[in-house]
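In order, the protein sequence lines correspond to chains A and B.
Each residue of the first sequence is one higher than the one before, counting from 14 in this note's numbering.
Each residue of the second sequence is one higher than the one before, counting from 1437 in this note's numbering.
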Amino acid sequence: MENAKKLEAFQAKIDADIKIEPKDWMPEKYRRTLIRQISQHAHSEVIGMQPEGNWLTRAPSLRSKKILMAKIQDEAGHGLYLYCAAETLGIKREQFLEWLHEGKAKYSSVFNYPTLTWADIGAIGWLVDGAAIVNQVSLQGTSYGPYSRAMVKICMEESFHQRQGYEIMVTLANGTKEQKEMAQDALNRWWWPSIMMFGPHDADSAHSNQSLKWKIKRESNDELRQKFIDKTVEQGEHIGLSFPDPDLKWNKSSGHYEYGKINWNEFWNVVKGYGPGNKKRLAHHKDAHEEGSWVRQGAIAYAKKKRSIQKTA
Amino acid sequence: MEKDNQGVLWEVFIQVKAGRPFKHVGSLHAYDKEMAMQSARDLYTRRNEGNGIWLVKADDIVSSQSVDDEAFFDPSNDKVYRHPTFYKVPDGVKHI
Ligand SMILES: [Fe+2]
Ligand SMILES: [Fe+2]
């Protein structure tokens, strides 16, 4: 009875676009959904640094190296903002890392694909960040205050990520025959994984309805995917690249692009851990975490020592 | 080896410009004040977001309960005389 009343008041707040803050009452399922979604988002930002880091030492110029470093540094920050937002729900940072390492928490499958050439860095910025931005712009309006505020800050920082990627694609597309082929090949490999980033179709999406009702998500997977495709196709065609989807065509009456069948078998295969890079990405994260342990131990000891000096002084 | 941790939680406040109030921008983890300050600089002011930083350990913050507990803020509504619109001013009187 008590709960039914609270639930009603909660939904009324959501309907009135009043943000939910950490100390407010919330349904247990709302809390759990947020914990899963925000931590998955945080893990994606952090794991996403790996495919890009792969090209840091081989960036073709000092300019491109500085840009890539700045972008990767931003992604680390995004991970931290999001872990902090997730922590307000009562779970410690250490726990999130443990769940990731145990394979209990997921991250975006797109980061399990390898970066074979420099053009992949262009394709990631243009397509992967591009897709992430469409999703994140929408999530600025999420009902949970800390998550929404993190999204606003992230979106501000993201604005250069997509442009730097597109700039790489433009340069390659206007370059030699080999360079243009490189750009096309990267687009061929990254296109489908990028549009899969939005998740399963609305009809097959397990969590979607409740999440929309609670305004955790503001637009459905298919709506967001369509927005991304509509924006991106012209950008590719503008620089003479073509998309690896024979069914992709402009529908005049709907004002949207139609697209072909998505290979969901591949998607679920990668989600379940059988993608080309799953093992490597997770192993690398674990190693980096374990190898960093002495730094954390040292910092803890140093802080302790300083506190005791302060007390005796 | 002893189990390590991620340091304690700090809340970060940034002043955009001299004379403006400090505003909460987010949180971070650090083991001591110096590290907290360095991380705050790297995390929250990479793009001229401000020129002043305040850091407070999250544990040291005293905060009101949630908006769900209405009683705490209730008195502000029955003391209407705290607002300037409560008072009558004769027609034609200016600058008050
Ligand atoms: Fe990001
Ligand atoms: Fe990004």
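Don't be surprised by glycine CBs; every beta carbon is placed ideally from N, CA and C.
In this text, all values refer to a predicted model and were calculated from it rather than measured experimentally.
Within 8 Å of any Cβ in chain A, is that where the Cβ of B:Y1523 sits?
Indexing the second sequence from 1 puts residue 1523 of chain B at position 87. Answer no: the Cβ-Cβ gap between B:Y1523 and chain A never drops below 8 Å.
Could you give the C-beta distance for A:A199 and A:K193, rounded to a whole number, given that I count them as a contact under 8 Å?
By 1-based counting over the first sequence, the position of residue 199 of chain A is 186. By 1-based counting over the first sequence, the position of residue 193 of chain A is 180. Their Cβ separation, rounded to whole angstroms, is 11 Å, which puts A:A199 and A:K193 out of contact at 8 Å.
If you follow the alpha helix (DSSP H) that A:N291 is in, where does it begin and where does it stop?
On the first sequence, position 278 is the one that residue 291 of chain A refers to. Run containing A:N291: N291 to E304, per the alpha helix (DSSP H) assignment.
Please list, in chain order, the residues of the region 1460 to 1472 of chain B that have any C-beta partner in chain A closer than 8 Å.
V1461, G1462, S1463, L1464, H1465, Y1467, D1468 and M1471
Of all the options A:E250, A:E111, A:S207 and A:Q248, which has the alpha carbon lying nearest to the alpha carbon of A:N234?
One-based indexing of the first sequence puts residue 234 of chain A at position 221. When each option's Cα is compared against that of A:N234, the closest is A:S207.
In this structure, does DSSP put A:I252 in helix, strand or coil?
Residue 252 of chain A sits at position 239 when you count from the first residue of the first sequence. Coil.
Quick check: the Cα distance between A:V183 and A:I252, rounded to an integer number of angstroms?
Numbered from its first residue, the first sequence carries residue 183 of chain A at position 170. Numbered from its first residue, the first sequence carries residue 252 of chain A at position 239. Cα to Cα, the separation comes out at about 6 Å.
Between the alpha carbons of A:M209 and A:W263, how many angstroms are there, rounded?
Position 196 of the first sequence, counted from the first residue, corresponds to residue 209 of chain A. Position 250 of the first sequence, counted from the first residue, corresponds to residue 263 of chain A. It is roughly 20 Å from the alpha-carbon of A:M209 to the alpha-carbon of A:W263.
So, under 8 Å CB-CB, A:A99 and A:F109 are touching, yes? Tell me the CB distance rounded to an integer number of Å.
Mapped onto the first sequence, residue 99 of chain A falls at position 86. Mapped onto the first sequence, residue 109 of chain A falls at position 96. Contact holds; Cβ gap of about 6 Å.
Report the residue from A:N282, A:L102, A:W227 and A:F241 whose alpha carbon sits nearest the alpha carbon of A:F211.
Residue mapping note: residue 211 of chain A aligns to position 198 of the first sequence, counting from 1. Comparing C-alpha distances from A:F211 to each of A:N282, A:L102, A:W227 and A:F241 shows the shortest one belongs to A:F241.
Tell me which residue opens and which closes the beta strand (DSSP E) that B:A1466 is part of.
Position 30 of the second sequence, counting from 1, holds the residue named residue 1466 of chain B. Element bounds for B:A1466: F1458 to A1466.
Mind listing which residues have their beta carbon within less than 7 Å of any non-hydrogen atom of ligand 2? Chain order is fine.
A:K84, A:D87, A:E88, A:H91, A:D142, A:A145, A:E171 and A:H174
Rounded C-beta distance between A:C175 and A:W139? I'm assuming under 8 Å.
Numbered from 1 along the first sequence, position 162 holds the residue referred to as residue 175 of chain A. Numbered from 1 along the first sequence, position 126 holds the residue referred to as residue 139 of chain A. It should be noted that the sequence gives Gln, not Cys, for residue 175 of chain A. The Cβ separation is near 6 Å, so the contact holds.
Please identify the residue among A:D28, A:K19, A:A17 and A:A316 whose C-alpha is closest to the C-alpha of A:K226.
To locate residue 226 of chain A, count along the first sequence from 1; it is residue 213. Of A:D28, A:K19, A:A17 and A:A316, the residue nearest in Cα terms is A:D28.
When every heavy atom of ligand 1 is checked, does at least one fall within less than 7 Å of the C-beta of B:I1497?
Position 61 of the second sequence, counted from the start, is the residue given in the question as residue 1497 of chain B. No, Cβ of B:I1497 sits at least 7 Å from all heavy atoms of ligand 1.
Please confirm if the region 306 to 316 of chain A is in contact with the region 275 to 289 of chain A, defined as three or more CB-CB distances below 8 Å between the two stretches.
no
Cutting at 7 Å between CB atoms, please list the residues of its own chain near A:D243, excluding the five before and the five after it.
For the purposes of this step, residue 243 of chain A is taken as the residue at position 230 of the first sequence. Counting only Cβ-Cβ distances below 7 Å, and skipping sequence neighbours, we find H269 and Y270.
With three or more beta-carbon pairs closer than 8 Å as the criterion, would you say the region 64 to 74 of chain A touches the region 33 to 53 of chain A?
no
Find the residues of chain A that neighbour B:D1440, judging by a C-beta separation of less than 8 Å, and give them in chain order.
The sequence position of residue 1440 of chain B within the second sequence is 4, counting from 1. By Cβ distance, chain A contributes S306, R309, Q310 and I313.
Alpha carbon to alpha carbon, how far is A:R45 from B:A1472? Give it in angstroms, no decimals.
On the second sequence, position 36 is the one that residue 1472 of chain B refers to. On the first sequence, position 32 is the one that residue 45 of chain A refers to. If I take the Cα positions, the gap works out to 29 Å.
List the residues of chain B that A:Y287 touches, going by C-beta distances under 8 Å, in chain order.
Taking the first sequence and counting its residues from 1, the one referred to as residue 287 of chain A is at position 274. The contacting residues do not exist; A:Y287 stays about 31 Å from chain B at best.
I'd like to confirm something about A:E304: is its beta-carbon nearer than 7 Å to some heavy atom of ligand 4, or not?
As far as ligands go, the structure on display features ligand 1 and ligand 2 and does not contain ligand 4.
What are the complete alpha helix (DSSP H) segments, minimum 4 residues, inside the region 83 to 153 of chain A?
106 to 114, 131 to 136 and 143 to 152
With which residues is B:V1492 paired in a DSSP beta bridge?
By 1-based counting over the second sequence, the position of residue 1492 of chain B is 56. Answer is B:E1447.
Does A:R106 get closer than 8 Å to chain B when you measure Cβ to Cβ?
By one-based count along the first sequence, residue 106 of chain A stands at place 93. Answer yes: the Cβ-Cβ gap between A:R106 and chain B drops below 8 Å somewhere.
Which residues of chain A have a Cβ atom closer than 8 Å to the Cβ of B:G1528, listed in chain order?
The residue given as residue 1528 of chain B occupies position 92 in the second sequence. Under the 8 Å cutoff, chain A gives no residues; its nearest Cβ is about 41 Å from B:G1528.
Below 7 Å CB to CB, which residues in the same chain sit around A:A163 once its five sequence neighbours on both sides are set aside?
As a first step, residue 163 of chain A is located in the first sequence; it is residue number 150 there, counting from the start. Excluding sequence neighbours, A:A163 sits near Y94, L95 and A98.
What are the start and end residues of each continuous alpha helix (DSSP H) run of 4 or more residues lying completely inside the region 142 to 207 of chain A, in chain order?
143 to 152 and 158 to 186
How many angstroms separate the CA atom of A:K42 from the CA atom of B:I1450?
Mapped onto the first sequence, residue 42 of chain A falls at position 29. Mapped onto the second sequence, residue 1450 of chain B falls at position 14. Whole-angstrom Cα-Cα distance: 34 Å.
Would you decide whether A:I134 is buried or exposed? Buried here means 16 or more other CB atoms lie within 10 Å of its CB.
Within the first sequence, the letter at position 121 stands for residue 134 of chain A. Flag for A:I134 reads buried.
So, is the C-beta of B:G1443 closer than 8 Å to a C-beta in chain A?
Along the second sequence, one-based indexing puts residue 1443 of chain B at 7. Chain A, which has a Cβ nearer than 8 Å to the Cβ of B:G1443, makes this yes.
Looking only at its chain, what residues have a beta carbon closer than 7 Å to the beta carbon of A:M39, apart from the 5 residues adjacent to it on each side?
Working through the first sequence from its first residue, we reach residue 39 of chain A at position 26. Closer than 7 Å at Cβ, skipping near neighbours: F23 and I33.
Taking B:H1460 and B:L1445 to be in contact with their CB atoms under 8 Å, please state how far apart those CB atoms are, rounded to whole angstroms.
Your numbering for residue 1460 of chain B matches position 24 in the second sequence. Your numbering for residue 1445 of chain B matches position 9 in the second sequence. So it is not a contact: roughly 13 Å between Cβ atoms.
Please return the same chain residues whose Cβ sits closer than 8 Å to the Cβ of B:V1492, not counting the five positions on each side in sequence.
Reading the second sequence from its first residue, position 56 is the one you call residue 1492 of chain B. So the list reads W1446, E1447 and F1449, once near-sequence residues are dropped.
Residues in the same chain with beta-carbon distance under 7 Å from A:I104, minus the five sequence neighbours each way, listed in chain order, please.
Within the first sequence, numbered from 1, the residue matching residue 104 of chain A stands at position 91. Closer than 7 Å at Cβ, skipping near neighbours: I48.
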